[in-house]
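As you go down the protein sequences, you meet chains W and F in turn. Each residue of the first sequence is one higher than the last, beginning at 1 in the working numbering. Each residue of the second sequence is one higher than the last, beginning at 397 in the working numbering. Ideal Cβ placement from N, Cα and C applies to all residues, glycine included.
Number of protein chains: 2
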Amino acid sequence: MSGIIADRVSAARKYVLLDEYVIKVVKAGKVIDFASGSPDPRLLPKEEVKEIASRVLDEYGDEALSYPPSVGLRSLREAIKTLLSKLGVSIPNSKVVVTSGAVRAIELASEVLLSSDSYTVAEEPTFSPALYPLYALGRGIEHVLLKEYRVLDVSALEEVISKLPIKLYYTIPTAHNPTGSTFSSKVRNEVAKVVCENNVVIIEDDVYRTVLGGEAPEPISAICARRSHTYIYLGSLSKVLAPGLRIAYMLVPEELFPHVRSVAGTELTLSPLTMLIAYEAIRTGLLLDRIHRLSREYRERMRVLKDSLSDYMPDNVCWNEDAEGYYVFIKVKGVNMIKLLDDALREGVGYIPGDAFLHKHSDPETARLCIAKPNSEEVALGVKKLAKVIKERKKL
Amino acid sequence: MSGIIADRVSAARKYVLLDEYVIKVVKAGKVIDFASGSPDPRLLPKEEVKEIASRVLDEYGDEALSYPPSVGLRSLREAIKTLLSKLGVSIPNSKVVVTSGAVRAIELASEVLLSSDSYTVAEEPTFSPALYPLYALGRGIEHVLLKEYRVLDVSALEEVISKLPIKLYYTIPTAHNPTGSTFSSKVRNEVAKVVCENNVVIIEDDVYRTVLGGEAPEPISAICARRSHTYIYLGSLSKVLAPGLRIAYMLVPEELFPHVRSVAGTELTLSPLTMLIAYEAIRTGLLLDRIHRLSREYRERMRVLKDSLSDYMPDNVCWNEDAEGYYVFIKVKGVNMIKLLDDALREGVGYIPGDAFLHKHSDPETARLCIAKPNSEEVALGVKKLAKVIKERKKL
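Structure, rendered in structure tokens:
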């Protein structure tokens, strides 16, 4: 069997390693879950979606149950554009494409822009599943290390770009996954300059802007657009509405749109039913309300996480104090966090070892902590438990 | 802009040509629509889905609105297996993977099995959008012509396979799209022998088995499985439940399953909400009832279509009298069916020119007629209108 399997599958296996950790933590049973990036089920709008679904099937039943337009329903595309303008995203002459999740957007961008001889550069660490289409449809992926797992060194980015035929730069500049870093306006302007001057197209994964309630600097894509340079800007409703609807979106320049539409037309993955639910959630104001409410909730959880880290962690643990959104990436000197996971689960707390987000090098002393699932009380308790196992391991 | 677009996009544009014809026919307004393969909206289960959606959100709200398992919900996977066994599909040791539409299944199979040096062979004519992933992830696509647009010539298939490093054979052996042909048991056995002996993996697109109520010979995949040869078997609930749910499935051998899961895990396109709706539709018996009822309805429409063709068409028109399912592929000697389309639309009837399904050669004298949308009365009227414009054009 193994002889008939394409080489790209082993890359895929590496890129979904983080899911295996999420499953391991879930299977451990009653633990405080710092692993999953899936929103707290207690915050999912079950009643609201039920009411909306019923209305959608009454009013737009035929449309809801028929094949989708390849780039998404026009009503939803317009609603997303309006919503984004309220979150600080305004890119002139851009067109919205709805996609089944954010990685589908990255795949479509890769289909349209990557050739077998062109490379992608991505951050190190980064959200690994996004790398798969960039890998499978291009020549390979280079990585630029975030200094101290925090700050993008733009000159290092420039150096990578100067050495290889780089076509795309995949970046998560807002509440970065897994480090929680948000690139400053200054860094964003420098990045825009570098990609424009070197004819690199940015794929800006801005999924966490919604989690911040829109409180983030202007997207790099907007700066590129003003310089008439191509960009792919993407986001998702998963974190603030419901992942189960599988509604993400990308903004692309008008000239790119027909090409994206052709590729999207070959594989219709979008459900009109879930698109109409998302549309109604935006139209009625439910989504914007949720964005404001959830961003306050997540900000509070993040504050508790960082305070608890300060209160309970020993001196060998450090992290990015500026982290925001969902994630903090911790470095625990002298402790192998891959090996520590079983002890942590026995103590009642789970996380993802940082190596699941690292590709160019390994650093077993790192871990990603995510506040999507545990509430503030659970966050504090979870950090206390994790600090305990770290201290015990340190003593050995 | 064009300089930065990957070459594969022009292939995609060609493969989605049929959608442009569907849109053209829809935009023409009040015409009898022989173009669209989308089920008759009058037959969509709007009330039933509304009731089920409400129940699903009450009973499984958390699951419905959270991230999906990469290969689909276990409950739905098991339900699909049971359903298939009632439709003549029983493949020992196979695993079910749920996918967002049938082309997503073909993409996953291509990701796992195709290398940049391996070719695919497909029928001519065939369902074009399915070819895109086979093209984009492999070296290229060869075609084997269906004799008289009806019968697969297995020796011609064997010849193509002997000449090139063919890895996959994409086939639609049941109520073939666009010809309506169903391969006999004899042909299926011969095909199985050829692919097994030449180490070619079949991708068996059996979407129309449901439309026939399961009345079709045993899948080629089942024969391959008995010979311990790899296969990809795929189908969809789009034609008999609702395309808007985007629920398709594939059966793969156990050994292939972990590889498919890895690739599927990089891009989560499945909505648990629509999966749970599909699951409930199967569990409650709604779907099997619909399959029996709709297959009778479609069989009647097909009978009317063929009778009307016999009654109204002039001598220069021929077609496959054995066609079943959704499609009849007509050949109109001396008439360019691409050019005739505008006249036909003015007369009040639309279709897809056959060239949208042809890749190796062009035959403008062909067209696909589909009975998914028009009811029996409309089918008869539509054929009458089409016969009229064909006769008028013939006279010129």
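Residues of chain F with CB under 8 Å from residue i, in chain order?
| i | result |
| --- | --- |
| H229(W) | In chain order: nothing, as chain F lies at least about 11 Å away. |
| E280(W) | Neighbours of E280(W) on chain F: none; closest Cβ ~13 Å, over 8 Å. |
| T397(W) | Here chain W has residues from 1 to 396 only, and residue 397(W) is not among them. |
| L479(W) | In the structure as shown, chain W starts at 1 and stops at 396, and residue 479(W) therefore has no counterpart that could be examined. |
Who are the neighbours of residue i on chain W, taking C-beta pairs under 8 Å?
| i | result |
| --- | --- |
| K420(F) | Result: empty, since nearest Cβ-Cβ is about 14 Å, beyond 8 Å. |
| V405(F) | E111, V112, H259, S262 and V263 |
| D458(F) | P41, L44 and K46 |
| Y806(F) | Nothing in the structure corresponds to residue 806(F), since chain F is present only between 397 and 792. |
| E503(F) | E267 |
| K446(F) | A53, S54, L57, D58 and G61 |
| A475(F) | Going along chain W, no residue has its Cβ under 8 Å from A475(F), so there is no contact; the nearest lies around 18 Å. |
Against residue i, what residues of chain F qualify as contacts under a CB-to-CB distance less than 7 Å, listed in chain order?
| i | result |
| --- | --- |
| S100(W) | S496 and T665 |
For residue i, which residues in chain F fall below 9 Å Cβ to Cβ?
| i | result |
| --- | --- |
| Y15(W) | S658, G661 and T662 |
| P129(W) | G661, T662, E663 and L664 |
Among the options, which residue has its Cα nearest to the Cα of residue i?
| i | options | result |
| --- | --- | --- |
| S38(W) | S238(W), V379(W) and I338(W) | S238(W) |
| G72(W) | V187(W), K394(W) and I277(W) | I277(W) |
| I247(W) | H655(F), E773(F), G631(F) and T665(F) | T665(F) |
| E443(F) | R679(F), R742(F) and L637(F) | L637(F) |
| I557(F) | I400(F), I568(F), I537(F) and S617(F) | I537(F) |
| R686(F) | S432(F), V445(F) and A526(F) | V445(F) |
| N375(W) | V56(W), L76(W) and Y326(W) | Y326(W) |
| S496(F) | K391(W), Y298(W), P272(W) and N189(W) | P272(W) |
| I419(F) | K410(F), Y411(F) and D429(F) | D429(F) |
| A783(F) | Y708(F), G746(F), H757(F) and L737(F) | Y708(F) |
| A122(W) | E365(W), E378(W), K360(W) and K385(W) | K360(W) |
| G334(W) | A344(W), V389(W) and N316(W) | N316(W) |
| I785(F) | A752(F), K735(F) and S551(F) | Residue identity differs from the one stated: residue 785(F) is Val in this sequence, not Ile. Closest option to V785(F), Cα to Cα, is K735(F). |
| T516(F) | L440(F), E447(F), L439(F) and N595(F) | N595(F) |
| V485(F) | R692(F), V659(F), Y645(F) and R742(F) | Y645(F) |
| C620(F) | V603(F), G640(F) and V591(F) | V591(F) |
Buried or exposed for residue i, going by 16 or more other Cβ atoms inside 10 Å?
| i | result |
| --- | --- |
| P488(F) | exposed |
| E544(F) | exposed |
| T182(W) | buried |
| R301(W) | buried |
| N732(F) | exposed |
| N573(F) | buried |
| E676(F) | buried |
| P125(W) | buried |
| P165(W) | exposed |
| G631(F) | buried |
| N716(F) | buried |
| S514(F) | buried |
| D415(F) | buried |
| P569(F) | buried |
| G3(W) | exposed |
Could you check whether residue j and residue i sit closer than 8 Å to each other, using their CB atoms as the reference points?
| i | j | result |
| --- | --- | --- |
| L152(W) | V98(W) | no |
| A372(W) | I352(W) | no |
| L398(W) | L65(W) | In the structure as shown, chain W begins at 1 and stops at 396. Residue 398(W) is therefore absent and cannot be evaluated. |
| R622(F) | A612(F) | no |
| I330(W) | L369(W) | yes |
| L134(W) | V260(W) | no |
| I202(W) | T171(W) | yes |
| P525(F) | Y417(F) | no |
| V349(W) | K385(W) | yes |
I want to verify the contact list: residues of chain W whose CB lies under 7 Å from the CB of residue i, in sequence order.
| i | result |
| --- | --- |
| G631(F) | Within 7 Å Cβ-Cβ: nothing; G631(F) doesn't reach chain W, min ~16 Å. |
| A360(F) | A query on residue 360(F) cannot be resolved here, the shown segment of chain F reaching from 397 to 792 and no further. |
| D415(F) | G265 |
Just to confirm, does residue i get its C-beta within under 7 Å of one of the non-hydrogen atoms of the ligand HEM?
| i | result |
| --- | --- |
| H572(F) | For the ligand HEM, the structure offers nothing, since it holds no ligand at all. |
Quick one: list the residues of chain W neighbouring residue i, beta-carbon separation under 9 Å, in chain order.
| i | result |
| --- | --- |
| I401(F) | V112, L113, L256 and H259 |
| S434(F) | S66 and Y67 |
| A424(F) | By Cβ distance, chain W contributes nothing, its closest Cβ being about 18 Å from A424(F), past 9 Å. |
| A618(F) | Those do not exist, as A618(F) stays about 19 Å from chain W at its closest Cβ, beyond 9 Å. |
Check each residue of the segment 112-126 of chain W: if its Cβ is closer than 9 Å to any Cβ of chain F, include it; give the result in chain order. V112, L113, L114, S115, S116 and S118
Using a beta-carbon distance cut-off of less than 8 Å, what residues from the segment 477-501 of chain F approach chain W? S496, G497, V499 and R500
Which of the residues in the segment 748-773 of chain F, read from start to end, lie with their CB under 9 Å from any CB of chain W? none
Which of the residues in the segment 596-616 of chain F, read from start to end, lie with their CB under 8 Å from any CB of chain W? V597
Residues from the segment 529-552 of chain F in contact with chain W, defined by Cβ distance under 9 Å: P529, A532 and L533
Near-chain W residues of the segment 699-730 of chain F (beta-carbon distance less than 9 Å), N- to C-terminal order: Those would be none; no residue qualifies.
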